[in-house]
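For what it's worth, numbering that gives the first Met the number 0 labels the leading residue of the sequence shown as 0, then goes sequentially.
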Amino acid sequence: MDSKTLQELEAKAKKLMGFETDKKITWCGNCGNYAIHNALARALVLENFERKDFVMCFDVGCSGNGSDKFEAFTIHGLHGRVLSLAAGAALANSKVKVIAEAGDGATFSEGVSHLVHAVRNNYPVMFIHHNNENYGLTTGQASALTRCGVKMLGTPEGVMVEPINSLDFVLGLKPSFVARGFSGDVDHMTELFRAGLKHKGFAFIEVLQACPTYNRLTPDAWYAERVRNVEDLKSYDRTDLWAARKIVQDVDKEIYIGLLYENPEKKDFVSLLKSREGAVTTPVEEVKHYDVRGLI
Ligand SMILES: Cc1ncc(C[n+]2csc(CCOP(=O)(O)OP(=O)(O)O)c2C)c(N)n1
0 MDSKTLQELE
10 AKAKKLMGFE
20 TDKKITWCGN
30 CGNYAIHNAL
40 ARALVLENFE
50 RKDFVMCFDV
60 GCSGNGSDKF
70 EAFTIHGLHG
80 RVLSLAAGAA
90 LANSKVKVIA
100 EAGDGATFSE
110 GVSHLVHAVR
120 NNYPVMFIHH
130 NNENYGLTTG
140 QASALTRCGV
150 KMLGTPEGVM
160 VEPINSLDFV
170 LGLKPSFVAR
180 GFSGDVDHMT
190 ELFRAGLKHK
200 GFAFIEVLQA
210 CPTYNRLTPD
220 AWYAERVRNV
230 EDLKSYDRTD
240 LWAARKIVQD
250 VDKEIYIGLL
260 YENPEKKDFV
270 SLLKSREGAV
280 TTPVEEVKHY
290 DVRGLI
């Protein structure tokens with residue numbers, strides 16, 4: 000390796016470490032959150048993001064507990080409400096990339112209405128959906144994505160109803176970007192996050208996430224046997240919504256990962272705002288300060 004390459008690598012490693020905090024780790028051993036956190040840091044470094052270039056919004060949950068483990072501008076919101084928070088941040092300041100993270104409990108139950116409108120409005124947010132198929136932080140209750148029959152805390156006789164198919168649900172809302180990775184493949188996830196960071200509208204990126212404590216059914220090894228890279232499908236057209244809906248139906252045997260759907264024609268919400276056409280400043284920069292002392 001020549002000295003220039005080495006120097007470049009060293010600079011990248013230093014930057015990566017710059018995203019680390021010294022806060023106590025509260026995740027279980029082998030939790031998929033480590034891999035997600037790592038892949039995101041790598042994607043940010045590879046895309047040359049500095050601390051000033053992005054803001055991270057976290058929901059409540061094990062996923063949300065990433066908020067103090069990232070040396071960045073972070074906001075830790077209420078359970079299920081991260082997408083409204085992220086949309087607000089994105090509308091206020093389009094000069095920073097907004098990244099939001101939440102678990103499947105928050106996303107498909109408490110916050111499902113926010114998800115619907117975030118996708119529909121195509122807010123400029125990259126969203127990482129941590130799908131560990133349960134409510135992790137509150138010790139393993141069934142979520143809307145837990146598989147039928149699985150015994151969880153609160154449903155000791157097994158979940159009685161079928162889960163929501165997360166990607167089919169999102170695809171049904173005519174999104175602009177849908178991708179899926181799994182926590183057992185950091186390199187692949189890094190590439191998905193890099194693509195998500197570059198996407199202008201709402202990027203829905205699901206990570207099939209290992210939860211070694213409460214989801215024993217689908218650990219990384221289970222996914223590793225079943226995941227198929229969509230790029231290996233010869234004639235797959237990722238701009239074809241129906242093709243995407245078709246391949247996400249199977250969540251048991253052949254689970255497709257990769258960038259599954261993209262609609263480059265769908266404009267993001269900020270670009271549609273007539274009132275912001277040609278604006279060179281952002282709403283946060285336009286905040287006016289009034290001296291109201293004279294009125295009191
Ligand atoms: C409105 C509301 N409902 C419920 C809770 C309790 N609560 C906190 S974290 C959590 C579980 C989070 O699960 P999930 O969103 O799947 O994220 P994970 O912990 O699995 O990453 C729950 C139910 C809360 N804080 N606020």
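For every residue, glycine included, the Cβ atom is placed at its ideal position computed from N, Cα and C.
heavy atom of ligand 1 below 7 Å from residue 137 C-beta: yes
Own chain partners of residue 119 with C-beta closer than 7 Å, once the 5 adjacent residues on each side are dropped: Taken in chain order, the residues that qualify are 172.
Cβ-heavy atom distance, residue 112 to ligand 1, below 7 Å: Flag unset: Cβ of residue 112 not near ligand 1.
Span of the beta strand (DSSP E) around residue 125: 124-130
Which residues DSSP lists as bridging residue 102, in chain order: 129
Residue interval of the alpha helix (DSSP H) (run including residue 35): Run containing residue 35: 31-45, per the alpha helix (DSSP H) assignment.
Cβ contact check for the segment 154-163 and the segment 227-241: 3 or more pairs under 8 Å: no
Straight-line gap, residue 167 to residue 247 (C-alpha atoms, nearest Å): 6 Å
Per-residue burial, residue 144 [other beta carbons within 10 Å of its own, 16 or more giving buried]: buried
C-beta atoms of residue 37 and residue 185 nearer than 8 Å: Residue 37 is a Cβ neighbour of residue 185, given a cutoff of 8 Å.
Pair within 8 Å by beta-carbon distance, residue 193 and residue 71: no
Cα-Cα separation, residue 221 to residue 61: 21 Å
Residue 28, buried or exposed, once every other Cβ within 10 Å from all chains shown has been counted against 16: exposed
Residue 32 burial status per 10 Å Cβ neighbour count (16 or more: buried): buried
Ligand 1 heavy atom lying under 7 Å from the CB of residue 44: Not under cutoff, so the answer is no.
heavy atom of ligand 1 below 7 Å from residue 129 C-beta: yes
Residue closest to residue 136, alpha-carbon to alpha-carbon, out of 195, 58, 170 and 15: Checked all of 195, 58, 170 and 15; the closest Cα to residue 136 is 58.
Any non-hydrogen atom of ligand 1 closer than 7 Å to residue 31 Cβ: No heavy atom of ligand 1 is found nearer than 7 Å to the CB of residue 31.
Range covered by the beta strand (DSSP E) that runs through residue 55: 53-57
Residue 287 - DSSP class collapsed to helix/strand/coil: coil
Rounded Cβ spacing between residue 13 and residue 52 (contact assumed at less than 8 Å): Not really, about 17 Å apart at Cβ, beyond 8 Å.
Element boundaries [alpha helix (DSSP H), containing residue 222]: 219-225
Burial state of residue 10 (16 or more Cβ within 10 Å): exposed
Residue 99 versus residue 175: straight-line alpha-carbon distance, rounded: If I take the Cα positions, the gap works out to 16 Å.
Residues near residue 180 in its chain [Cβ-Cβ closer than 6 Å; skip 5 each side]: 187, 188, 191, 206 and 256
Near ligand 1: residue 78 beta-carbon under 7 Å from a heavy atom: yes
Separation of residue 55 from residue 198, as counted between CA atoms: 16 Å
CA-to-CA distance, residue 264 to residue 89, given in whole angstroms: In a straight line, the C-alpha of residue 89 is about 20 Å away from that of residue 264.
C-beta atoms of residue 104 and residue 142 nearer than 8 Å: Contact flag set, yes.
Near ligand 1: residue 59 beta-carbon under 7 Å from a heavy atom: yes
Bridge partner(s) assigned by DSSP for residue 207: 130 and 181
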